[in-house]
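To convert a position in the sequence shown, counted from 1, into this note's numbering, add 117.
Backbone N, C-alpha and C define an ideal beta-carbon position, used for all residues, glycine too.
Fair warning: this is a prediction, and the values are worked out from it, not measured in the lab.
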Amino acid sequence: MDSFPKIHLDYDNTFASDFGTLVHREFKPLYADESLCRIIGLNSVSDITSLPSLLDLFQHIPHEEAFENYRKLINHEMKPRVRTFVLNKSGGQQVNLLAAESVVEYEGEPAIQLSVIDITEKYQHYNDLEQQANVDALSKLTNRNRFESILENELSKAERYGQPLTCLFLDIDNFKSINDRFGHHVGDEAIRRFAYCCKSSIRKSDFICRWGGEEFLILLPNTAQQFGEQLAERLRWRVSKLALPCCPDNSIQFTVSIGVKTIEQSPYSVYTLVNDADIALGQAKKQGKNQVVSYPSIFRDAM
């Protein structure tokens, strides 16, 4: 193995652990070292080299694509890459691996060498930081900062494809009185239950965030106003049925007001979408709360 080219990757000390080395030809393992065994959780080198194919370890990788990339790499039609893989160990443990590829000569014929390192802890640390940056700690929903980027992206997509985009602006009614009367711990529980109720009521393709305090936004891509209003009414009803424990022998209920705004043609504007939904929400509050009001129906109703 001394004739193999060394691969130098510029990692800091947070990656300080052994590299594992593997050589394969058309994904049939030819060589592996003890470090690789430790990384991927196998007992011996023979457990690796006896495998019919490395793809047995990484079953989520499409075989056809893998062999096509192998061919290009061996024929120098593609540059060697540094890639990440997810390996499921026995027992269900998931390991994140970073692997650098290179073309080498093994027993007189071309083969692929992989230099592998376990980045599971680093990956988890990154995910934790991303979670802190993008998720509201109390509600576990997307925070406002991240949601503003989603708004821009979804608005551009809607305008590009000529699709309607509906925004629901939600505000828990009389939230201050809940905090004042029962304490902030009850108010916090109201936020959590409200957030779960809303998130469990929308599609996977929809987006929800805690906009601030007791205000929330829901974004419904490719959704006409009529269907946005129907969802808003379902949410209003479901929230009114929530029972919030405030003491051992008692519970309280609360309601929500919702403003609805749909953009169906140019100009598509984040400001218009959110501001008009907010105006509709304000009207729902003025009309007695626990209501759904759409923009611009508030102007039609006033005529």
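Annotated as proximal: LEU361 and ARG310, with beta-carbon spacing under 8 angstroms. Between THR379 and GLN230, the CB-CB gap reaches or exceeds 8 angstroms.
Under the three-state reduction of DSSP output, SER152 falls in the helix class. The shortest CA-to-CA distance from TRP354 to any of ILE375, GLN343, SER368 and ASN339 is the one to ILE375. Judged by DSSP in its simplified three-state form, TYR385 adopts coil rather than helix or strand.
Shown here, SER167 sits in coil according to DSSP, grouped into three states, outside any helix or strand. By the Cβ rule, the stretch 314-334 counts as touching the stretch 264-276, because three or more pairs are nearer than 8 angstroms. Burial is judged here by how many other beta carbons sit within 10 angstroms of a residue's own beta carbon; PRO338 has at least 16 and is buried. Sixteen is the threshold: since fewer than 16 other Cβ atoms of the shown chains lie within 10 Å of the Cβ of SER386, the residue is exposed. Remark: C-beta atoms of VAL162 and LEU287 do not approach each other more closely than 8 angstroms. Distances from the CA of PHE202 to each of ILE308, PRO179 and LEU190 were compared; the closest alpha carbon is that of PRO179. A straight-line Cα-Cα distance of about 26 angstroms links GLU350 and CYS363. Residue nearest to GLU276 within the set LYS316, PRO384, GLU143 and ASP135 is PRO384 (criterion: CA-CA distance). Annotation for LEU214: the continuous beta strand (DSSP E) segment containing it runs 211-223.
Counted as a single uninterrupted DSSP element, the beta strand (DSSP E) harbouring PHE324 occupies residues 324-329. The three-state reading of DSSP puts ALA228 in strand, counting E and B together.
Note on the stretch 254-286: whole alpha helix (DSSP H) runs with a minimum of 4 residues are 261-278, in chain order. Within 10 angstroms of the beta-carbon of TYR278 lie fewer than 16 other beta-carbons, which makes it exposed. Under a 10 Å Cβ-count criterion, HIS242 is classified as exposed, with fewer than 16 other Cβ atoms of the shown protein chains found around its own Cβ. If you look at ILE335, you'll find it isn't in any alpha helix (DSSP H); it sits in the beta strand (DSSP E) that goes 332-338. By DSSP's assignment, HIS141 forms a beta bridge with PRO146 and ILE229.
ALA228 is not a Cβ neighbour of LEU348, given a cutoff of 8 angstroms.
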